[in-house]
Amino acid sequence: MHRLFVALRPPREIREHLLAVMGGVPGARWQDEDQLHLTLRFIGEVDRRTAEDAATVHAAPLDLQLAGCGMFDTRGKPNAIWAGVTPREPLAALHRKVDQALVRAGLEPERRAYLPHITLARLAGSAGPADRFLADHAALTSPVFRIQHMTLYESSLGHGGAIYEPVERYALTGA
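For the sequence shown, the residue numbers in our numbering are 55 to 229.
Take a look at the structure:
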């Protein structure tokens, strides 16, 4: 079994821009360059062939832009800092297509609401407050960037965080 997800990988200049703004939250575990992606659909532990078959959907390339930042929490405890990505509707539509393909392959549908984002940092209970970071980067933006493929990744959990290995790339060539 493989722990898999489907994601979009921002171009190098966008990843460099994100890396340049990271920092300033004591105890945060900032993502490294290899970890920066926009998840379309977490799949979970499945046979890789199932995910490979289901991850092929037809969609047009996307023109995206960074848009602000925010924080996720679990039961009121912050656990991640993220950068937003717009426009949301084309991303949500691609998320739905991927989800529907995975459901057709026999997987459970996604139950959580979809919020397009790129995780910047993981926050443990010992992390300092992120309010200053969020205020300083509330207007985070970037030039428009084009995404022309999506990637099926395998995730391996380790002591230093997750390691993401690309498994297969799928071109976004048309609706």
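The C-beta atom is built at its ideal place from N, Cα and C for all residues, glycine as well.
Buried or exposed by the 16-neighbour rule on C-beta atoms within 10 Å, applied to Pro220: Residue environment for Pro220: exposed (fewer than 16 other C-beta atoms within 10 angstroms of its C-beta).
Residues that Glu87 bridges to, as DSSP identifies them: DSSP output for Glu87 lists no bridge partner at all.
Beta-carbon contacts of His71 that lie in its chain and below 8 Å, excluding the five residues immediately before and after: Excluding positions up to five away in sequence, the list reads Leu120 and Ser196.
Endpoints, beta strand (DSSP E) assigned at Gln119: Segment Leu116 to Thr128, the beta strand (DSSP E) holding Gln119.
Inter-residue CB distance, His112 and Gly138 (contact presumed, cutoff 8 Å): Here His112 is actually not in contact with Gly138; their C-beta atoms are around 26 Å apart, not less than 8 Å.
8 Å Cβ cutoff met for Ala64 and Phe199: Inspection of the sequence shows that residue 64 is occupied by Pro rather than by Ala. The Cβ-Cβ distance between Pro64 and Phe199 falls below 8 Å.
Endpoints, the beta strand (DSSP E) within which Ala61 is located: Residues His56 to Leu62.
Sub-8 Å separation of Gly215 and Arg83 beta-carbons: Between Gly215 and Arg83, the C-beta gap is smaller than 8 Å, which places the two residues in contact.
Alpha-carbon to alpha-carbon, Leu148 and Arg102: Approximately 21 Å, taken between the alpha carbons.
Which of helix, strand or coil DSSP assigns to Thr227: DSSP places Thr227 in coil when its eight states are reduced to three.
Segments of 3+ residues assigned as beta strand (DSSP E) that fall wholly inside the region 144-192: For secondary structure counted as the beta strand (DSSP E) over 3 or more consecutive residues, the region 144-192 holds these complete runs in sequence order: 171-176.
Assigned secondary structure, Val75 (DSSP; H/G/I helix, E/B strand, else coil): Three-state result, Val75: helix.
Spatial neighbours of Glu99 in its chain, beta-carbon cut-off 6 Å, leaving aside the 5 residues before and after: Cβ within range, chain order: Met55 and Arg57.
For Ala181, the nearest candidate out of Val60, His91 and Ala134 (CA to CA): Of Val60, His91 and Ala134, the smallest CA-CA separation from Ala181 is found for Ala134.
Own chain, CB closer than 6 Å to Phe59, minus 5 neighbours either side, in chain order: For Phe59, where only same-chain residues beyond five positions count, the Cβ hits under 6 Å are Thr93, Phe96, Ile97 and Tyr207.
Ala82 in three-state terms, based on DSSP: Ala82: coil per DSSP, three-state reduction.
Beta-carbon spacing of Ala184, Val79 below 8 Å: Going by C-beta atoms, Ala184 is nearer than 8 Å to Val79.
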